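Taking full-length UniProt numbering as reference, the numbering of the sequence shown is continuous, increasing by one, and the terminal residue is 255.
For every residue, glycine included, the Cβ atom is placed at its ideal position computed from N, Cα and C.
On a predicted model such as this, the values are computed, not experimentally measured, just so you know.
Below is one structure, written out as structure tokens; the observations come after it.
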Amino acid sequence: MGLLNIHKNKTYHKNLHCGNVMKFFNCNIADLGLCGPSNSTEPRGIYGSLPFMAPEVLAGGPFSVKSDIYSFAFIMWELSSGRPPFSDRPHDHSLALEICHGFRESIVPGTPLFYEKLMTQCWDADPSKRPDAEEIVDILLSPYAYQCQLLGIDECSSNNIDELESFDRTLASEVIDQSRKVPLDIHPFAFYTSKFLLFPNLPEPRNSAKVEPVTSALYSNVGEILQAEDEITYEEYDTNCPPPPESDGEHIFLR
Numbered sequence: 001m002g003l004l005n006i007h008k009n010k011t012y013h014k015n016l017h018c019g020n021v022m023k024f025f026n027c028n029i030a031d032l033g034l035c036g037p038s039n040s041t042e043p044r045g046i047y048g049s050l051p052f053m054a055p056e057v058l059a060g061g062p063f064s065v066k067s068d069i070y071s072f073a074f075i076m077w078e079l080s081s082g083r084p085p086f087s088d089r090p091h092d093h094s095l096a097l098e099i100c101h102g103f104r105e106s107i108v109p110g111t112p113l114f115y116e117k118l119m120t121q122c123w124d125a126d127p128s129k130r131p132d133a134e135e136i137v138d139i140l141l142s143p144y145a146y147q148c149q150l151l152g153i154d155e156c157s158s159n160n161i162d163e164l165e166s167f168d169r170t171l172a173s174e175v176i177d178q179s180r181k182v183p184l185d186i187h188p189f190a191f192y193t194s195k196f197l198l199f200p201n202l203p204e205p206r207n208s209a210k211v212e213p214v215t216s217a218l219y220s221n222v223g224e225i226l227q228a229e230d231e232i233t234y235e236e237y238d239t240n241c242p243p244p245p246e247s248d249g250e251h252i253f254l255r
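Here's what the structure looks like:
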């Protein structure tokens, strides 16, 4: 709702990430000092957290409401995984380049279908294909209706809803919680505080041609999902290798 209110006022946040979302009784978006009118011009370079920055912004394009939507996708991913995005590798020019080439985090096994589809739409490389904040609110307020729509079911009967609720409870307790028990080992060159970023000569953003494995089949049991997870081959990176030397303007810490 907070992001929707920001966008309804024809502004955008520009630095949306989990560190700027505060929860007490309700969730509130903080650090609005970077909000700006949607028709403003941007200086060279950007300020924020690399994993949450939209590829078109990394490549030198302007901020927009759709770049906020991309950031929201990685808030969704962090909520589903229990860990910050790209925590196993340095946040450097190489990561920015791969993001522009369509590299994204893998979907966590057990993620509900509606959540997965919404998240992947939000982090699409093409801003025009991302939903707006109002669409996101509608889906999150009626997730089972959206799930039925994805499955081609005309109407959600009480039996369908009961089955969906039972499935989601099982996944939440036996699959997603297991992923959160894995010790969190953050790479020493992974940074989640905002900083000035300047990555020259990045390519035009595109979606990856590689088809990501989907493990959130609606009627799979937990055993099948865990088996599917074991069969997935994840791309490996040498996370012990320090990042390349930084240029004078590439990574400047501001706080």
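Helix, strand or coil, according to DSSP, for residue i in the structure here?
| i | result |
| --- | --- |
| residue 151 | helix |
| residue 197 | strand |
| residue 28 | strand |
| residue 65 | helix |
| residue 186 | coil |
| residue 46 | strand |
| residue 12 | strand |
| residue 108 | coil |
| residue 18 | helix |
I'd like the list of long-range same chain contacts for residue i, defined as Cβ closer than 7 Å, with 5 residues on each side in sequence excluded.
| i | result |
| --- | --- |
| residue 207 | 102, 124 and 125 |
| residue 85 | 51, 74, 77, 78 and 105 |
| residue 4 | 133, 134 and 137 |
| residue 99 | 55 and 58 |
| residue 191 | 91 |
| residue 95 | 50, 86 and 89 |
Cutting at 6 Å between CB atoms, please list the residues of its own chain near residue i, excluding the five before and the five after it.
| i | result |
| --- | --- |
| residue 7 | 65 and 133 |
| residue 114 | 143, 146 and 147 |
| residue 83 | 184 |
| residue 48 | 15 and 194 |
Counting C-beta neighbours from all protein chains within 10 Å, is the total for residue i 16 or more, i.e. buried, or is it exposed?
| i | result |
| --- | --- |
| residue 193 | exposed |
| residue 152 | exposed |
| residue 67 | buried |
| residue 200 | exposed |
| residue 26 | exposed |
Is residue i near residue j, with beta carbons less than 8 Å apart?
| i | j | result |
| --- | --- | --- |
| residue 90 | residue 17 | no |
| residue 97 | residue 202 | yes |
| residue 197 | residue 45 | yes |
| residue 281 | residue 54 | No answer is possible for residue 281: it lies beyond the span of the chain, which begins at 1 and ends at 255. |
| residue 189 | residue 92 | yes |
Please return the same chain residues whose Cβ sits closer than 8 Å to the Cβ of residue i, not counting the five positions on each side in sequence.
| i | result |
| --- | --- |
| residue 214 | With a pLDDT of 43 at residue 214, under the threshold of 50, the predicted position of this residue should be treated as unreliable, though the coordinate-derived value follows. Taken in chain order, the residues that qualify are 107 and 116. |
| residue 131 | 69, 118, 121, 122 and 139 |
| residue 129 | 121 |
| residue 204 | 59 and 100 |
| residue 209 | 102 |
| residue 141 | none |
Review point. Where in the stretch 115 to 149 do unbroken runs of the alpha helix (DSSP H), each at least 4 residues long, occur, reported from the N-terminal end onward?
Key: 133 to 141
**Study point:** Complete runs of the alpha helix (DSSP H) confined to the stretch 77 to 101 [at least 4 residues]
**Key:** 93 to 100
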